[in-house]
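Asker: After the structure tokens below, expect a handful of questions from me.
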Amino acid sequence: YSALPDPSRQTRLITLLASEYDSDPLLYNLETVSLEDAPTSHALSYIWGDPSNKDMVVTNGNRPREDDLYSGRNKLEVTKNLADAMRYLRAHKRTDRFRIWADAICINQEDIEERNEQVKIMHRVYSGAEWVWVWL
1 YSALPDPSRQ TRLITLLASE YDSDPLLYNL ETVSLEDAPT SHALSYIWGD PSNKDMVVTN
61 GNRPREDDLY SGRNKLEVTK NLADAMRYLR AHKRTDRFRI WADAICINQE DIEERNEQVK
121 IMHRVYSGAE WVWVWL
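Taking full-length UniProt numbering, I'd label the letters of the sequence shown as residues 1 to 136.
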């Protein structure tokens, strides 16, 4: 993750990349946005699920090279429940500019300071979303 310059006013959004098959790897772009600009996005509210039941998502700003899919490079482990929700949204999105916010990916979970600031602004993320998807 690149540090957010102002985690009390900025967050990250996911743009899911299209796939041919539901079983294809979850590929996405991650961008930093200012909440002051009222970015168009959806928010995902979900149960994290069993932390030992993981799946992999891949990012690098565009379609990854083949070796990125098989190496540890540009990969992030998420719970299977989040991955299932992302697969559902990818299959049902209506535009290529479908941006979503999901805390496990959009917040750097290893950066305690960022995480604390992002939790304080979650109400803005959810209230500013076009749609809030609930995945149980």
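Just so it is clear, CB atoms sit at the ideal spot from N, CA and C, and this is done for glycine as well.
Predicted model only: the values in this text are computed from it and were never measured.
Rank Y46, E31, V132 and F98 by C-alpha distance to the C-alpha of Q10 and give the top, closest one.
Answerer: By one-based count along the sequence shown, residue 10 stands at place 10. Nearest of Y46, E31, V132 and F98 to Q10, Cα basis: E31.
Asker: Could you check where the alpha helix (DSSP H) with D6 kicks off and where it finishes?
Answerer: Stepping through the sequence shown from its first residue, residue 6 is reached at position 6. From DSSP, D6 is part of no alpha helix (DSSP H); its letter is neither H nor E.
Asker: Tell me, please, whether the segment 38-50 touches the segment 77-96 by the rule of three or more beta-carbon pairs shorter than 8 Å.
Answerer: The segment 38-50 is in contact with the segment 77-96.
Asker: Go ahead and pull the three-state DSSP assignment for E117.
Answerer: Indexing the sequence shown from 1 puts residue 117 at position 117. DSSP places E117 in helix when its eight states are reduced to three.
Asker: Excluding the 5 residues flanking D22 on each side, which residues of the same chain have their C-beta closer than 7 Å to its C-beta?
Answerer: Your numbering for residue 22 matches position 22 in the sequence shown. Cβ neighbours of D22 beyond the five flanking positions: R87 and A91.
Asker: According to DSSP, T59 sits in a beta bridge with which residue or residues?
Answerer: Here residue 59 refers to the residue found at position 59 of the sequence shown. Y28.
Asker: CA-CA distance, R97 and H42?
Answerer: Looking up residue 97 in the sequence shown gives position 97. Looking up residue 42 in the sequence shown gives position 42. Their backbone Cα atoms lie some 11 Å apart in a straight line.
Asker: Whole angstroms are fine: how far does the CA of E20 sit from the CA of I122?
Answerer: Translated into positions along the sequence shown, residue 122 becomes position 122. Translated into positions along the sequence shown, residue 20 becomes position 20. As written in the sequence, residue 122 is Met, which differs from the Ile given in the question. Rounded to whole angstroms, M122 to E20 spans 33 Å at the Cα level.
Asker: Helix, strand or coil for Y46, going by three-state DSSP, please let me know.
Answerer: Reading the sequence shown from its first residue, position 46 is the one you call residue 46. Y46 falls in the strand class under three-state DSSP.
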